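To convert, note that position 11 of the sequence shown is 62 in my numbering; the numbers rise steadily by one, no gaps.
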Amino acid sequence: MADLKKAIETWDIALVQKATQEAVDAEIPVSEIIGDGLGKGMETIGVRFDKAE
Numbered sequence: 052m053a054d055l056k057k058a059i060e061t062w063d064i065a066l067v068q069k070a071t072q073e074a075v076d077a078e079i080p081v082s083e084i085i086g087d088g089l090g091k092g093m094e095t096i097g098v099r100f101d102k103a104e
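Listed below in structure tokens is the structure:
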């Protein structure tokens, strides 16, 4: 999930796709993929946006 979070934070679309597919292949629940990977990455982006970074 760390790869997915990092991919979201860095806007690395190829890594987002790869990390998401790996998570799905590992049978990680979709809610966990969204919450712990995609959601955490978007949370970081939101904090950066609030700080105008």
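In this text, a Cβ means the ideal position worked out from N, Cα and C, and glycines have one as well. Predicted, not measured: the structure shown is a model, and the values here were computed from it.
- Around the C-beta of Lys102, fewer than 16 other C-beta atoms lie within 10 Å, and the residue is accordingly described as exposed.
- In the structure shown, Met52 adopts coil according to DSSP, grouped into three states.
- Around the beta carbon of Ile84, 16 or more other beta carbons sit within 10 angstroms, so the residue counts as buried.
- A residue is called buried when at least 16 other Cβ atoms come within 10 angstroms of its Cβ; Val81 does not meet this threshold and is exposed.
- Only residues of its own chain outside the window of five on either side were considered, and among them Lys56, Ile59 and Glu60 have a CB closer than 6 Å to the CB of Gly92, listed in chain order.
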